[in-house]
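Enquirer: Numbering (UniProt numbering), first residue to last: 1 to 314.
#1: Is it buried or exposed, residue 25, if we count other Cβ atoms within 10 angstroms and call 16 or more buried?
#2: Count the other C-beta atoms from every protein chain shown that fall within 10 angstroms of the C-beta of residue 178, then say buried if there are 16 or more, exposed otherwise.
#3: Can you tell me the Cβ-Cβ gap for residue 84 and residue 98, rounded? I've got them flagged as a contact below 8 Å.
#4: Could you tell me whether the segment 159-176 touches the segment 100-118, using the rule of 3 or more Cβ pairs below 8 Å?
#5: Using only the alpha-carbon positions, how far apart do residue 305 and residue 87 sit?
#6: Where are the alpha helix (DSSP H) runs, 4 residues long or more, that stay fully inside the segment 239-279, in chain order?
#7: Buried or exposed for residue 9, going by 16 or more other Cβ atoms inside 10 Å?
#8: Taking the CB atoms as reference points, tell me whether residue 127 and residue 198 lie closer together than 7 Å.
#9: If you draw a straight line from the alpha carbon of residue 262 to that of residue 46, how long is it in whole angstroms?
#10: What's the C-alpha gap between residue 228 and residue 205?
#11: So what's residue 99 in DSSP terms, helix, strand or just coil?
#12: So, using beta-carbon positions, are residue 18 and residue 61 closer together than 7 Å?
#13: Helix, strand or coil, according to DSSP, for residue 55 in the structure here?
#14: I need the boundaries of the beta strand (DSSP E) containing residue 127, first residue and last residue.
#15: Quick check on the DSSP output: the beta strand (DSSP E) that includes residue 178 runs from which residue to which?
#16: In whole angstroms, what separates the C-alpha of residue 4 from that of residue 16?
#17: What beta strand (DSSP E) runs, 3 residues minimum, are completely inside the segment 4-32?
#18: In terms of DSSP beta bridges, what is residue 110 paired with?
#19: With C-beta atoms as the reference, is residue 73 less than 7 Å away from residue 100?
#20: So, with DSSP's three-state summary, where would you put residue 213?
#21: From residue 92 to residue 119, what does the alpha carbon distance come to, in whole angstroms?
#22: Which of helix, strand or coil does DSSP assign to residue 75?
#23: Flag this pair as yes or no: are the beta carbons of residue 171 and residue 132 separated by less than 7 Å?
#24: For the 8 Å Cβ check, are there 3 or more pairs between the segment 208-223 and the segment 268-277?
#25: Shortest alpha-carbon distance to residue 275 belongs to which of 21, 148, 14 and 57?
#26: Give the straight-line distance between the Cα atoms of residue 169 and residue 196, rounded to the nearest whole angstrom.
#27: Might you give, ordered along the chain, the residues of its own chain that have their beta carbon closer than 8 Å to the beta carbon of residue 314, omitting 5 neighbours on each side?
#28: Give a yes or no on whether the C-beta atoms belonging to residue 140 and residue 181 are separated by under 7 Å.
#29: Based on DSSP bridge pairs, tell me the residues matched to residue 43.
#30: To the nearest angstrom, report how far apart residue 67 and residue 34 are at their CA atoms.
#31: Is residue 157 closer than 7 Å to residue 187 when the C-beta atoms are compared?
#32: Give me the residue from 51, 65, 50 and 37 with the minimum Cα distance to residue 31.
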């Protein structure tokens with residue numbers, strides 16, 4: 001039931017206030033603080049704990065969950081299938097463009113060819129137990145950090161968008177997003193109806209500011225991965241920046257929370273998907289939305305120097 005001070009858009013289907021308030025992705029109203037499920041693979045030995053964590057996600061007002069078939073080779077998708085119920089109203093977003101590679105230097109290998117993208121969508125549908133995935137992000141391999149395409153894995157974006165559009169027309173996916181895309185790539189893809197962009201982006205790594213402005217103008221959700229930086233050796237970390245630490249101390253919050261709060265304030269189309277396998281960290285991430293950054297704090301954070309994320313793999 002809504003109250004005079006809470007609109008229906010601010011509540012999930014279970015009646016819980018949306019974590020971080022209401023945002024939009026592919027026409028779906030979702031919590032601005034979502035959940036990135038990748039780290040659930042750490043709970044492979046304790047499936048009950050993983051299921052309980054996902055139930056806590058729903059209880060905290062999160063109704064946007066980001067996943068991929070290559071997270072644990074279907075293990076994470078299986079958790080989502082078993083833990084989430086239709087009545088929870090959770091919008092599940094997945095991605096394609098890589099396959100599991102357990103023996104590799106990193107446990108992924110490129111899967112960029114159109115037939116591989118189609119196969120990955122089918123695998124996601126099966127492991128998630130869905131008839132349609134609301135949004136599927138095409139993970140390009142144009143930019144670091146992460147995998148880079150070589151040989152027959154260097155595929156033209158138009159060829160990839162053709163199969164993604166076909167899958168959307170067939171009803172297997174609801175909408176198309178892009179991940180690790182260049183500004184030129186996004187501009188080329190706009191006619192296909194892109195609904196979100198997932199790029200590496202944080203307070204200390206704002207190289208995609210022009211792309212963020214374009215997404216804001218086009219009403220495309222901006223869903224930063226590595227929102228606190230530091231995922232690979234050589235990448236800057238939000239938590240190590242002196243200005244972030246100073247603001248956190250003044251507010252009695254953690255640097256991680258300040259980094260997330262800044263992202264929410266920075267642009268209206270930002271949706272966050274911080275990941276964790278720990279309930280306490282999950283609750284702290286949701287609490288970041290309650291931080292009030294005054295103009296002095298915002299000015300201090302906005303002045304932080306942005307550093308490149310184009311680093312080699314560790």
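Glycine included, C-beta positions come from ideal geometry on N, C-alpha and C. Remember, it's a predicted structure, so these values are computed and weren't measured experimentally.
Expert: From the atom records:
#1: Per the 10 Å Cβ criterion, buried.
#2: Residue 178 comes out buried.
#3: That belief does not hold up - the Cβ atoms of residue 84 and residue 98 are roughly 23 Å apart, past 8 Å.
#4: Taking one beta carbon from each stretch, the segment 159-176 and the segment 100-118 have 3 or more pairs nearer than 8 Å; the two touch.
#5: Their backbone Cα atoms lie some 44 Å apart in a straight line.
#6: You should have 242-251 and 255-266.
#7: Per the 10 Å Cβ criterion, exposed.
#8: No, they are not a contact pair.
#9: Their backbone Cα atoms lie some 34 Å apart in a straight line.
#10: Each residue's Cα considered, the two are about 9 Å apart.
#11: Residue state, collapsed to three classes: strand.
#12: Contact: yes.
#13: The DSSP-derived three-state label of residue 55 is helix.
#14: Premise fails: residue 127 lies in the alpha helix (DSSP H), 114-128, not in any beta strand (DSSP E).
#15: Element bounds for residue 178: 176-179.
#16: Confidence at residue 4 is low in this model, with a pLDDT of 47, below 50, so its placement is unreliable and the value that follows should be read with caution. Their backbone Cα atoms lie some 15 Å apart in a straight line.
#17: Annotation note: the segment 4-32 contains the following uninterrupted beta strand (DSSP E) runs of length 3 or greater, listed N- to C-terminal: 22-25 and 28-31.
#18: DSSP lists 98 as partners of residue 110.
#19: When the beta-carbon positions are compared, residue 73 and residue 100 come within less than 7 Å of each other.
#20: In the three-state scheme derived from DSSP, where H, G and I count as helix and E and B as strand, residue 213 is classed as helix.
#21: Rounded to whole angstroms, residue 92 to residue 119 spans 18 Å at the Cα level.
#22: Residue 75 sits in a helix when the DSSP states are folded into three classes.
#23: Yes, the pair counts as a contact, with Cβ atoms nearer than the cut-off.
#24: Short answer: they touch.
#25: Ranking 21, 148, 14 and 57 by Cα distance to residue 275 puts 57 first.
#26: Separation of residue 169 and residue 196 (C-alpha to C-alpha, rounded to the nearest whole angstrom) is 18 Å.
#27: Residue confidence is low: residue 314 scores 26 on pLDDT, short of 50, so the model does not pin down where it sits. No coordinate-derived value is stated.
#28: Their beta carbons are under 7 Å apart, which means residue 140 touches residue 181 by this criterion.
#29: In DSSP, residue 43 forms no bridge with anything.
#30: Each residue's Cα considered, the two are about 11 Å apart.
#31: Not a contact, by the Cβ cut-off of 7 Å.
#32: 65 is the residue among 51, 65, 50 and 37 whose C-alpha sits nearest the C-alpha of residue 31.
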